[in-house]
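A quick write-up on the structure given underneath.
In our numbering, the protein residues as written are 1280 to 1459.
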């Protein structure tokens, strides 16, 4: 795996990247549909909070992959499999959106998120192995992501009533991974 040339001209998205984005559109549409349904029935605060929690997971996972894809351009079977695992994760997340809105249970959403993140960790570990010049940075990303995923997994064992509060701890940790 070689680092991408930042001066590369005329790079276009690959078919796999477009399919990847489409999977995220499905998840966003699922969240937007649930929010619309709830608002149409006069519910506001709970559904808005659920939407923000779900959207953060979708957006942050997508953003992190785009950072990786901006730094590296592997186009081999292993990379494609890793991306497909991430696409599976976002579809699992999307499947959990109704449960998150209706029951305030984010376990399926969290499982999908963790699937995506574990695949991204494997990509950063591969980058660390292949790119000695950026090895430390790649390992820092992989380690930070792994540490934070342990926190998300721990949420599955806690009562759903505390998840929104713990999200206020976990989300900043996710956002801090790039600066660790």
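We put the CB at the ideal spot given by N, CA and C, even for glycine.
Since this is a predicted model, take the numbers as computed values, not measurements.
Excluding the 5 residues flanking it on each side, residue 1409 has same chain C-beta neighbours closer than 7 Å at 1280, in chain order.
The DSSP-derived three-state label of residue 1326 is helix. Going by DSSP, residue 1422 is part of the alpha helix (DSSP H) stretching over 1414-1434.
In its chain, beyond the 5 residues on either side, 1364, 1367, 1368, 1371 have a beta carbon closer than 7 Å to the beta carbon of residue 1394. Here the stretch 1374-1390 makes no contact with the stretch 1353-1362; the two share fewer than three CB pairs at distances below 8 Å. Spatial neighbours of residue 1383 in its own chain (CB-CB distance under 6 Å, excluding positions within 5 residues in sequence) are listed in chain order as 1439. In the pairwise beta carbon analysis, the stretch 1302-1312 is classified as touching the stretch 1336-1349: at least three pairs are separated by under 8 Å. Here residue 1426 is exposed. Its C-beta has fewer than 16 other C-beta atoms within 10 Å.
It is roughly 12 Å from the alpha-carbon of residue 1294 to the alpha-carbon of residue 1362. Contact annotation, residue 1456 with residue 1420: C-beta distance approximately 7 Å; criterion of less than 8 Å satisfied. With fewer than 16 neighbouring CB atoms inside 10 Å of its own CB, residue 1436 falls in the exposed class. For residue 1398, the closest of 1331, 1422, 1326, 1415 by C-alpha to C-alpha distance is 1422.
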